[in-house]
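Engineer: Sharing a structure below in structure tokens format, with a few things to ask.
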Amino acid sequence: QVQLVESGGGLVQPGGSLRLSCAASGIVFSIYAMGWYRQAPGKQRELVAGITSGGSTKYADSVKGRFTISRDNAKNTVYLQMNSLKPEDTAVYYCNAGLGSMYRSDAWGQGTQVTVSS
Numbered sequence: 034q035v036q037l038v039e040s041g042g043g044l045v046q047p048g049g050s051l052r053l054s055c056a057a058s059g060i061v062f063s064i065y066a067m068g069w070y071r072q073a074p075g076k077q078r079e080l081v082a083g084i085t086s087g088g089s090t091k092y093a094d095s096v097k098g099r100f101t102i103s104r105d106n107a108k109n110t111v112y113l114q115m116n117s118l119k120p121e122d123t124a125v126y127y128c129n130a131g132l133g134s135m136y137r138s139d140a141w142g143q144g145t146q147v148t149v150s151s
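Numbering (our numbering), first residue to last: 34 to 151.
What follows is the structure in structure tokens.
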């Protein structure tokens with residue numbers, strides 16, 4: 034049974050940082066592309082950052098230079114380091130696993146809330 038468990042969300046002031054983690058089980062983690070998506074109230078879910086099984090990364094224009102995605106195959110975990118956070122980054126962040134593509138949705142996590150507010 035595939036399971037993705039996110040952690041690390043919370044309330045942070047504008048300009049602050051957070052690090053999200055997503056621990057995977059039930060899959061051969063190293064062969065999956067992993068992605069972080071987010072969904073704000075009233076908006077569609079969007080890809081924030083993705084990383085292929087080979088380590089290539091992709092970012093939404095809105096987070097380039099501020100967010101960094103990484104993976105540790107030994108720990109079956111993908112991370113999202115978020116710096117210089119803005120109020121518009123407020124959303125529920127979801128971890129996604131896709132076999133062969135970060136745009137494929139083979140499994141989703143339950144989501145973790147990130148709120149950027151003073």
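Glycine included, every Cβ here is placed at the ideal spot set by N, Cα and C. Keep in mind it's a predicted model, so treat the numbers as computed, not measured.
#1: Quick one: what's got a C-beta closer than 7 Å to G59's C-beta in the same chain, skipping five residues either side?
#2: Measuring alpha carbon to alpha carbon, tell me which residue in S134, Y126 and G83 is nearest T148.
#3: From G42 to S54, what distance separates their C-alpha atoms?
#4: So, are the CB atoms of S117 and G75 less than 8 Å apart?
#5: Under the rule that 16 or more other beta-carbon atoms within 10 Å means buried, what is A107, buried or exposed?
#6: Of all the options Y70, Y65, V61 and A66, which has the alpha carbon lying nearest to the alpha carbon of Q146?
#7: Quick one: residues in its chain with C-beta nearer than 7 Å to the C-beta of G142, no 5 flanking neighbours on either side, listed in chain order?
#8: Tell me, which residues are paired with S54 by DSSP?
#9: Between M115 and G83, which are expected to be in contact by the criterion C-beta below 8 Å, what is the C-beta distance as a whole number of angstroms?
Structural biologist: A quick look at the data gives this:
#1: Around G59, the same chain offers Q34, V35 and Q36 as residues with beta carbons nearer than 7 Å, after the five sequence neighbours per side are excluded.
#2: The shortest Cα separation from T148 among S134, Y126 and G83 belongs to Y126.
#3: Spanning the two alpha carbons is a distance of roughly 9 Å.
#4: No, the Cβ-Cβ distance between S117 and G75 is not below 8 Å.
#5: By the beta-carbon neighbour count (other beta carbons within 10 angstroms, threshold 16), A107 is exposed.
#6: With distances taken between Cα atoms, Q146 lies closest to Y70.
#7: Once the five neighbours on either side are set aside, the close Cβ partners of G142 are L37, V38, E39, C55, Y127 and C128.
#8: Paired residues: S40 and Y112.
#9: Not confirmed; about 15 Å, so no contact.
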